[in-house]
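*Asks:* After the structure tokens below, expect a handful of questions from me.
There are 2 protein chains.
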Amino acid sequence: MDAVKFLLPEDRIPKAWYNIAPRLPKPLWPVLHPGTLQPIGPADLEPLFPMALIAQEVSTDPWVEIPEPVRDVYRQWRPAPLYRARRLEMALDTPARIYYKYEGVSPAGSHKPTTAVPQAFYNKEAGVKRLCTETGAGQWGSSLAMASRFFGLECKVFMVRVSYDQKPYRRALMETFGATVSASPSPETASGRAILAASPDSNGSLGIAISEAVEIAAGDPHTKYALGSVLNHVLLHQTVIGLECFEQMEMAGDEPDVLVGCTGGGSNFAGIAFPYLGRALEGGPKPRVVAVEPAACPSLTKGRFAYDFGDTSHLTPLVKMHTLGSTYVPPGLHAGGLRYHGMAPLVSHILDLGLIEARAVQQLDAFAAGVRFAQAEGIVPAPEANHAVAGAIDEALRCKEEGVSRAILFNLCGHGHFDMQSYINYAAGKLRNYDYPSEEVAAALAGLPPVAA
Amino acid sequence: MDAVKFLLPEDRIPKAWYNIAPRLPKPLWPVLHPGTLQPIGPADLEPLFPMALIAQEVSTDPWVEIPEPVRDVYRQWRPAPLYRARRLEMALDTPARIYYKYEGVSPAGSHKPTTAVPQAFYNKEAGVKRLCTETGAGQWGSSLAMASRFFGLECKVFMVRVSYDQKPYRRALMETFGATVSASPSPETASGRAILAASPDSNGSLGIAISEAVEIAAGDPHTKYALGSVLNHVLLHQTVIGLECFEQMEMAGDEPDVLVGCTGGGSNFAGIAFPYLGRALEGGPKPRVVAVEPAACPSLTKGRFAYDFGDTSHLTPLVKMHTLGSTYVPPGLHAGGLRYHGMAPLVSHILDLGLIEARAVQQLDAFAAGVRFAQAEGIVPAPEANHAVAGAIDEALRCKEEGVSRAILFNLCGHGHFDMQSYINYAAGKLRNYDYPSEEVAAALAGLPPVAA
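Read top to bottom, the protein sequences are chains A and B.
Note that this note's numbering has the first sequence beginning at 2, numbered continuously upward.
Note that this note's numbering has the second sequence beginning at 2, numbered continuously upward.
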């Protein structure tokens, strides 16, 4: 009987994170100060982040050592299992060999704790008392709440109002871990109060919630800010995913021809892809690497590669990234973790260098793929992960058409246990596709800051 | 760094289930026909179960081989991990070594698929087209829905009306796997129609749902009935839990002094305990074995060991078990899986033989233990599993008082991702304890069938 899952003992948790930045043929574009439009230095970020994370943000070391207390916590669920999707292959009647790395085994149910834990650790080391963040669907908020608890930090989460009301279970998870959760916009910050004064019934947005969290952190020397994706150090932490896959694919006696991940801010995709991309840059095997994004928020396939703000309120520095314009508000699709106007600068840069492919998937196709996967493998994926499943199934069906067997490896970045309402809506025919919002995006892109690059 | 989790490769999935029945110093009491009060034979059960499962129900073989197609599906999550709860030990400041077997890694989130898969397999082998069952909280229903899908069977679930309305996510999980779910009482059966005629707004009960499922199965040659606990063959399937623990505790270089499991129908408790109990009966190490039940439904600690019906409507055969009386309706505590008036005959018999201990835990103490566990280990337990957590923490605190280090192993039979509403209610102070309902139980016990034994 051939194996379906490939497990590594906990002493095989990587000892260092993989930094792709120094391996790239062209360096990353600098981050600019929103006022001077000049490159910022580490000191500019110090009110928000501890110096250890700022150092990782700009590191040119090819490897960054993982502290033992972080590896100690990782052992709760890492190395995460790699699966061969044999029942899915049979259901698709494809000659493809389909593999998935399953990050839903973390206690919070997604890949997010893999960066939440080191972020909490470095803040604790720096004497910080409290972490403050924003969350949309709640995967990131619950991960940071858990990691904060493990390291004895307080945790404050601004949760986008519409999710706060619609996803009480995610909120309950954060509160069970001891975090304080406020609906955003809140009366607790100047930015929140300003929004509430203008529109008392505001649904909130990730951009507003970021403003609130940043404001709290900037105004309190004992509080720092934490972000769950986009930034270089966040993507760095996720590279243990791909590093573990190296060994697990070797156990499987196979090597991926195609890598697939879904992209919102870019961190789970980077986690599985960067180690493989780096190895290819160093002369190793060269898999095709496919980023899959929602058609309603297609930053990689339709956005412009330009300097833009990370938030809607324009408080953050400028980064060069694939963007739909920071004032673009994506429609209410159920993959809340993929509703971001921009893309991680590192992922954007790598697409610009032609090292990866990108494609967009419609919401109904993503859910159809997720249900197909669940019926074959038992695991119900998160709506975000359904995009990667759809991409992998498409690749597998292409193998069938072409009559070739390829190894497809995708990142199943989380389970959908807290997202079952979206499956209920899907089954009831209440979900819809979204046309590419070309006019809204054009309007948002017209407002990009005037930076030559 | 000492290990926190102990993993086995999938070729270490046991090749046989462990049957404790032939090892017991006194044989199990016979099952009686409800009409004749005489012992029933295999043929009496044939309308409901395939012969392979009936043979297991009465088997005197010490080992029952696990078919390869069943082991093949088990590989999706088995062997389940064993954890050392080091952060919980630190939080409790106890000298105890606390271990937990984590069954929440199954795709349906509990130990239930470990019997759902073989039940679906044997039915498929027997040419059955459809399985019919009842479910309360939905852990069993979602497990059978998944297993049925894997083996190409249709699945019909009668879900207790109050859960059907309150737990739409569990229902969505069953429907995602392709099962048909009806609220019980339903207009689809004579028993359902009778209840609805008398009380159109009935909340339903497990007893009513069993009647509906049995009625459908008995009336259709292509449909069989499946049960998620209580019966000998169900407990047999769960013994892989304890068998895996043997090897994993050896990896940990330790041996349990105390075993703890929660008991509703008895299957997860039996799964971890029977292999250890059997080994002790054969002269091996003799751990204390503690069954923990809810104070509001205390069949083991307060019930009578007597012949009683398995269902409220008195359609089933009579079994000798610890019972609160088959007409006793437990209050609406959140551990829906522990709301059963009786206890598995095998577990009851073993308690009667003095081989195990039993204790009852109040609802608020169970949730307090669950939150404590979640904050230390990250995993949020199911309300049922919280009873085992409470029992294990009590044992660990006793070690602290006595200043001795003992190894405590408990079964964490499932996660609480679909039960977060109960954590919300707990945090909001909306849950309560229940006094022992002595009058109601006395009344129900007064109605026991007049069988001398």
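Ideal placement from N, C-alpha and C gives every residue a C-beta, glycine not left out.
(1) So the candidates are A:153, A:156 and A:185; which of them puts its Cα closest to the Cα of residue 166 of chain A?
(2) Look up residue 34 of chain B in the DSSP assignment and say whether it is helix, strand or coil.
(3) Residues of chain B with CB closer than 7 Å to the CB of residue 419 of chain A, please, in chain order.
(4) Checking contacts by CB at 9 Å: is residue 122 of chain A closer than that to chain B?
(5) Looking at C-alpha atoms only, which residue of B:189, B:13 and B:36 is the closest neighbour of residue 81 of chain B?
(6) Between residue 123 of chain B and residue 28 of chain B, is the Cβ-Cβ spacing less than 9 Å?
(7) Bridge partners for residue 160 of chain A per DSSP, in chain order?
(8) Using three-state DSSP, classify residue 304 of chain B as helix, strand or coil.
(9) Check the C-beta distance from residue 8 of chain B over to residue 8 of chain A and give it rounded, since I have them as a contact under 8 Å.
(10) Contact criterion: CB-CB distance below 9 Å. Does residue 249 of chain B meet it with respect to chain A?
(11) Indicate the three-state DSSP secondary structure (helix, strand or coil) for residue 224 of chain B in the structure shown.
(12) Would a check of beta-carbon distances place residue 428 of chain B closer than 9 Å to chain A?
(13) Go ahead and pull the three-state DSSP assignment for residue 309 of chain B.
(14) Nearest chain B C-beta to residue 424 of chain A closer than 9 Å, yes or no?
(15) Quick one: is residue 4 of chain B near chain A, going by C-beta distance under 9 Å?
(16) Show which residues of chain B have a CB atom less than 9 Å away from the CB atom of residue 167 of chain A.
(17) Sort B:253, B:349, B:388 and B:397 by Cα distance to residue 84 of chain B and report the nearest one.
(18) For residue 211 of chain A, which residues from the same chain have a beta carbon less than 7 Å from its beta carbon, with the 5 sequence-adjacent residues on both sides left out?
(19) Would you report the Cα separation of residue 219 of chain B and residue 133 of chain B, rounded to the nearest angstrom?
(20) May I have the straight-line CA-CA distance separating residue 400 of chain A from residue 258 of chain A, to the nearest angstrom?
(21) Comparing the C-beta of residue 52 of chain B with each C-beta of chain A, is any distance below 9 Å?
(22) Can you check the region 54–130 of chain B for any beta strand (DSSP E) of at least 3 residues that lies completely inside it and give the ranges in chain order?
(23) Taking the C-alpha atoms as reference points, what is the distance between residue 118 of chain A and residue 143 of chain A?
(24) For chain B, is any of its Cβ atoms less than 9 Å away from the one on residue 280 of chain A?
(25) Strictly below 7 Å CB to CB, what residues from chain A border residue 176 of chain B?
(26) For chain B, find out if any of its Cβ atoms is closer than 9 Å to the Cβ of residue 220 of chain A; answer yes or no.
(27) How many angstroms separate the CA atom of residue 429 of chain A from the CA atom of residue 363 of chain B?
(28) Give a yes or no on whether 9 Å exceeds the smallest Cβ distance from residue 109 of chain B to chain A.
(29) Take residue 306 of chain B as the anchor and find which of B:290, B:435, B:86 and B:327 has the nearest alpha-carbon.
(30) Please report how far the alpha carbon of residue 216 of chain B lies from the alpha carbon of residue 192 of chain B, in whole angstroms.
(31) Please state if the CB of residue 264 of chain B and the CB of residue 325 of chain B are separated by a distance shorter than 9 Å.
(32) Taking 9 Å as the CB-CB cut-off, is residue 1 of chain B touching chain A?
(33) Got a sec: which bits of the region 10–34 of chain A sit with their beta carbon under 9 Å from any beta carbon on chain B, in order along the chain?
(34) Is it buried or exposed, residue 392 of chain A, if we count other Cβ atoms within 10 angstroms and call 16 or more buried?
(35) If we require 3 or more residues per run, which beta strand (DSSP E) segments fall completely within the region 221–278 of chain B?
(36) Does residue 160 of chain A come within less than 9 Å of chain B when only Cβ atoms are used?
*Replies:* So, to answer that:
(1) A:185
(2) Secondary structure of residue 34 of chain B (DSSP, three-state): coil.
(3) 418
(4) Using a Cβ-Cβ cut-off of 9 Å, residue 122 of chain A does not count as an interface residue toward chain B, since no Cβ of chain B sits closer than that to its own.
(5) B:13
(6) no
(7) A:136 and A:184
(8) coil
(9) Between residue 8 of chain B and residue 8 of chain A the beta-carbon gap is near 5 Å, inside 8 Å, which marks them as a contact.
(10) no
(11) Per DSSP, reduced to three states, the secondary structure at residue 224 of chain B is strand.
(12) yes
(13) Three-state DSSP puts residue 309 of chain B in a strand.
(14) yes
(15) yes
(16) The premise fails here: residue 167 of chain A is roughly 13 Å from chain B at the closest Cβ pair, so nothing lies under 9 Å.
(17) Among B:253, B:349, B:388 and B:397, the Cα nearest to that of residue 84 of chain B belongs to B:253.
(18) 135 and 312
(19) 10 Å
(20) 11 Å
(21) no
(22) 64–66, 83–85 and 98–103
(23) 12 Å
(24) no
(25) 428
(26) Chain B contact via Cβ: absent.
(27) 39 Å
(28) Chain A, which has a Cβ nearer than 9 Å to the Cβ of residue 109 of chain B, makes this yes.
(29) B:327
(30) 8 Å
(31) no
(32) Since the first residue of chain B shown is 2 and the last is 454, residue 1 of chain B is not available in this structure.
(33) 10, 11 and 12
(34) buried
(35) Within the region 221–278 of chain B, the complete beta strand (DSSP E) runs of at least 3 residues are 224–226 and 259–263.
(36) Not an interface residue.
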